[in-house]
Each structure stands twice: as C-alpha cells, then as structure tokens.
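Taken in sequence, the protein lines are chains U and G.
Going by our numbering, 188 is the number at position 188 of the first sequence; the sequence numbering is gapless.
Going by our numbering, 1068 is the number at position 68 of the second sequence; the sequence numbering is gapless.
Glycine is no exception: its CB is placed at the ideal position from the N, C-alpha and C atoms.
Keep in mind it's a predicted model, so treat the numbers as computed, not measured.
Protein chains: 2
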Amino acid sequence: MIYGALEAGGTKMVLAAADDDLRILDRISIPTGRPEDTVPRIADYFRQQRIDALGVGSFGPLDLNPQSPTYGYITKTPKAGWRDYPLLPTLLDALRVPGMLDTDVNAAALWEAERGAARGARNCVYVTVGTGIGAGVYCEGNLVHGLMHPEWGHMLAVPHPDDPMPRGVCPYHDGCLEGLASGPSMEKRWGRPAWDLPAEHPAWQIEAYYLAQLCVTALMTVSPEKILLGGGVMHQAQLFPLIRKETVRLLNGYLPCVTDGEDLIRPPVGWPDSGLMGSLLLAQRAWKKNGRDG
Amino acid sequence: MIYGALEAGGTKMVLAAADDDLRILDRISIPTGRPEDTVPRIADYFRQQRIDALGVGSFGPLDLNPQSPTYGYITKTPKAGWRDYPLLPTLLDALRVPGMLDTDVNAAALWEAERGAARGARNCVYVTVGTGIGAGVYCEGNLVHGLMHPEWGHMLAVPHPDDPMPRGVCPYHDGCLEGLASGPSMEKRWGRPAWDLPAEHPAWQIEAYYLAQLCVTALMTVSPEKILLGGGVMHQAQLFPLIRKETVRLLNGYLPCVTDGEDLIRPPVGWPDSGLMGSLLLAQRAWKKNGRDG
C-alpha cells in the first residue's frame, strides 16, 4: 500500500507518498500557481508514486458535505483561479483512487489526536496562528464539520484595554480573533513583524490575552483535553507561559481541573508537518472506507 | 422493553418510563431535596416501573469520563448535599440495569438531533437560556465532552455599547454570556423580570446582541447545521428575528451560506421535554451497549 498526501496551501503545495506504516517514502513541494498548471503537476506526481489512496488537507473554505453537488470543492476563496474549484473530484478523476478531503487544520488535528501531542485524548483542538488563525476540532474519532467547517479565526474577542488597535484588521469583522492576533495584525499594530518584537515587548501580553480567549472559548464550547497551538507566531517561546497564565486568570477557578494549563495548552508535536501527516491518515481512512469498492 | 428517563434539575426531578417506541407510559415530577431523601424515591419509582435501562440528563458539573474513578458523579456544584455525589453509580447499584448519564443539555441536543428540530443534521447545538445559560453539542452521532463537558454560558462576550451593566452578574467572570444574558442578569439590569419587559423595550435588542454572539461562536467553533434556542427567556417571540438579524450583521457576509438565519436558528421542537426525551435515548444507547452483558 502506498498512501498519498497533499497539503494544499495558498502559497505552496506539499506532496508526499508513504508506506503502510505512514513512513514518508518521498516528498516534494511546488508553488501554488493557477489550478490549470498546478493540479496536473500534482496528479503526475501521485501517478509516478503509484499511490493507492489520497488524503488532502487544504486551505478553504471547502465544501465538505458529502450530500452536496459541489462536495470536495474549494468554494469562496479570494485566491485567483481557485474559487469554486473542484479540487478533490479533479484529483480523484485523474488518479482513479479513493480519497478524502478536509481542512488543513482538521487534518493536523487528526494527526495530533491519533499520533501526536493529543494521543489518547477523546477531544482536541489544533490551532494555527500565523498569516491567519484557524483551528481543527477532533471529537471522539470524528473531525468536526457541519454547515461548513470551523472557522475559529473569526470568533469575536474582547479587546485588550491597552490595545492601540482594538478593532483589528479583518475586512469582515470588527475585533475578530484573526484581525486582532494573526501575524499581519501584530505587524500592523506595532509597525514591525512579530518575529522582530523583543520578548519583553508589551505586544506579547496583548497577544497572550487574545489567544487565552481562544483557549477559554475552546474549553467552554468543546471541552478539549488538549489545545495545541502551532503556526509561525507560536515560535515565540515566551508565549506559552503567558497564554497559560492568562487562561487560568480568565477562567478564575470555574474549571477546577485546569490548574496551571501546563498539560492542556501545548505545542503540536508534528508541526509543521501535522497537516501533511494528517492527510496520510485521511488517505488511510479513504482506503478503509472505499478502497475495496472504489 | 421499558426505558427509564431521569431529568435531574436543581429544583425538580422529572422521571418517566417509556416503551420501545419511546412512547411515555408514565411520568412524575418530585422536588429536588437532599440526595439521601430524593434518590431513594427515584429508585423506588423506577423499580415500580420495572425499567430495563436508565438514561439520566442532569444538572452539572458532571464527571463524564468513563476512565475516571468518579465517573457518573455530580462534582463541584454549590447545591447543598449534591457536591461530589455519585448519582449514576448509586442509581445503577439500586436498580441493577445498564444506564448512561450526560448533561441535561447534551441529552436535549441528542433528542433534537435524532428526533426533533435538527433531525437529519450532522451537527447541532442546543442552547437553553433561563436561570443559567448552557448548551449541548451533538457532532456526527456523538455528544461532545472531553476534559469536562461544554459550558457555553461561561464564554466571554463583547459588551453591548449601550449595556448599563456591561460586566454582568457572574461571580466568576467579568462579562461572560451567562452573566450578561441569563434571566437573572436581565432582571438585575432592568429592575424587573424578563417576562415583564415589553417587547419594544431596549432590553431585547441587547439580549439579541449577546445571543447572536453565541450563535457566531457556535458557527465558528463547531459549524452546526442547527442552533436551537430554548429555555424560559426564549419564550419572547420577538427574540428570534432579532437574534437572526444580529447574527447576520455580525457575520457580515463571511459565511455566505447563512443568508437570513431562518433555517439555522430555531426553537427546539421538544422543549421543555427535549432533555427528558433525550434521556430516553441515552437509556436506549445504554441498553444497546451494555444490555446483553449487564
């Protein structure tokens, strides 16, 4: 058995083939051009690798409703050429293998829950804080989607009293999490990129306040056993203790099981490959579900 | 087959027995006294009804982790006598039948998802807005719990600019949803009970703003196909259109599938019995899982 994984991002596509034990046999990365150029290259690669099943973790928004006529499409993205693009159907038509698509963050949550930092947990939330903010949710064996799929970056947040830019930068929402706490919002607020801000800069306390609100919302809505925070902004080692402390302060003793947040709020172990590895698990699920009939 | 259902509330216990088709054969309601008085009465009732399996939807917090030594206990409630009380183990010991416990709101979500207003949906959120605010979450056949269980009432909300009481009444949290939008918070804010406020009172616009934030958070975190709003406060017919309008305004076009919220934000059809009926479904699940061995 050879499983194929595609992690489809807005700037690059990461492709890999792995064996039955999910050991990577080969991987490449290509820039995300227009679909008419990029998708045939992806199909060629997987044909050469002779994959038996494909898993895709993709940027969104996606149509993940199996009953929908546009199931497996990228839907209303602003990215040129990819709007309403039938990503999964095109690849499966070309490759004639079973396949499964989910959001990149749901794929990452799947990997972390089944093989990574949340192994053994019934529920976990995987969050990426970078150019945008997104999260995947794993609940008792399932990845969560329904009307659409989770969009954690666009939940509303209470502005920090010292935030000089309390409305944020999201073109849709005054004061949503992505507009207040993504990498670009930090750069806009402080006039230089997040990685260039020293560890003692007040920026980090404000950032921790927003990400702690995300942790509180996670606890109140889906009660995860692990909240895994990854993505470029989380490279700042000083953030984890600040976020844990802020989360405990905001909870104010309401959830007695959260004492210091040390076990709860963690880095993902698979980052930056959790999404790619999770896509292999999607391929495995697709094979188990459809392999024998497909 | 006779299924027993207990909806355990802070002021009353509702007990029912039903046949295989979940038709109620008998029901009673008793006040919630101290457990040493109340629980033997509950056990007597179910013995008389000769039930084969028991489902319990209870006030919380609850320990719902099957691996825990205190599985099935009511945990840190302030309610006299019930703190750290082994509700499910005591009843199952007395009755010698298989049983299952969940939160009252999760039981209600289960009923609404499988038989009620969200029938056919993969995911739904059932919300009660009354003395407190709580919600149950149903995702692809499972009720959501993990570290603990959802506690939607304690998510933070952005204060309405015209709210004369923007910090709310929750003893734990400045500005959480329950502190800002429960029945008691409305009464404190306006000096009279919610049911006594006329439909054109500004209270309802502010209430709708808070409940719309809950709807937005639901959409962003678990992407439900239905958000069902029940509980005493939701008796005000004017609230639904206001909440839908506010939700659409806050989303600001970000989720194109939400046009007017008419299909999405609904009253539960089983209210006020969704929790009791959901407890019958829990009894059925317990029987399917353990009946033959237990």
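The beta carbon of G/Q1213 falls within 8 angstroms of a beta carbon belonging to chain U, placing the residue at that interface. A buried status is given to G/P1224, since no fewer than 16 other beta-carbon atoms sit within 10 Å of its beta-carbon. At least 8 angstroms separates the beta-carbon of G/L1095 from that of G/V1056.
Beta bridge pairing from DSSP links U/D102 with U/G57. Within chain G, the residues placing a beta-carbon under 8 angstroms from that of U/H145 are R1122, N1123 and S1223, ordered along the chain. At least one C-beta of chain U is nearer than 8 angstroms to the C-beta of G/L1255. Between the stretch 8-27 of chain U and the stretch 267-284 of chain U there are three or more inter-stretch CB-CB distances shorter than 8 angstroms, so the stretches are counted as touching. Within its own chain, the residues whose Cβ lies closer than 8 angstroms to the Cβ of U/P202, once the five positions on either side in sequence are excluded, are D162, listed in chain order.
Judged by their CB atoms, G/L1219 and G/A1181 are not nearer to each other than the 8 angstroms cut-off. Counting only runs of 3+ residues, the beta strand (DSSP E) found wholly inside the stretch 1036-1100 of chain G occupies 1053-1058, in chain order. Interface annotation, U/V127: not in contact with chain G, CB-CB separation never under 8 angstroms. Counting along the chain, the unbroken beta strand (DSSP E) around U/L228 starts and ends at K226 to G230.
Residue-level contact check: G/H1173 touches chain U, since one or more beta carbons of chain U fall below 8 angstroms from its beta carbon. The C-beta distance from G/L1276 to G/V1014 rounds to 5 angstroms, short enough to meet the 8 angstroms contact threshold.
Close partners of G/W1152 in chain U (Cβ separation under 8 angstroms): M220 and T221.
Judged by beta-carbon spacing, G/G1231 lies within the 8 angstroms limit of G/V1129, meaning their Cβ atoms are closer than that value. Cβ neighbours of G/L1147 within its own chain (closer than 8 angstroms, five residues either side excluded): none. The beta carbons of U/S274 and U/W111 sit closer together than 8 angstroms. Cβ neighbours of G/P1089 within its own chain (closer than 6 angstroms, five residues either side excluded): G1072. Nearest in C-alpha terms to U/M234, of all of U/I28, U/N142, U/G183 and U/N65, is U/G183.
Distances from the alpha-carbon of G/I1042 to those of G/A1117, G/N1065, G/A1008 and G/P1061 put G/A1008 closest. Three or more Cβ pairs drawn from the stretch 1138-1146 of chain G and the stretch 134-150 of chain U lie within less than 8 angstroms of each other, which places the two stretches in contact.
Using a Cβ-Cβ cut-off of 8 angstroms, G/K1288 does not count as an interface residue toward chain U, since no Cβ of chain U sits closer than that to its own. Residues of chain G whose Cβ lies closer than 9 angstroms to the Cβ of U/L101 do not exist, since the nearest Cβ in that chain is about 15 angstroms away.
Taking a Cβ-Cβ threshold of 7 angstroms, the residues of chain U close to G/K1076 are P256, in chain order. Annotated three-state conformation of U/R244 is helix, per DSSP. Contact annotation for G/H1149 against chain U: S223 [CB-CB distance below 7 angstroms, chain order].
In the three-state reduction of the DSSP assignment, G/T1128 falls in the strand class. DSSP, reduced to helix, strand and coil, places G/E1140 outside both helices and strands of the structure shown, so it counts as coil. Note on the stretch 1156-1206 of chain G: there is no whole beta strand (DSSP E) run with a minimum of 3 residues. For G/L1280, the enclosing alpha helix (DSSP H) stretches over residues S1274 to A1286. Closest option to U/W190, judged by alpha-carbon separation, among U/T221, U/M165 and U/L264: U/M165. Rounded to whole angstroms, G/A1109 and U/T77 show a C-alpha spacing of 32 angstroms. Bridge pairing for U/K12: U/P31 [DSSP]. For U/M155, the neighbours in chain G by C-beta distance under 8 angstroms run, in chain order, V1216, T1217, M1220 and T1221.
Taking 8 angstroms as the cut-off, the beta carbon of U/C176 is found closer than this to the beta carbon of U/L156.
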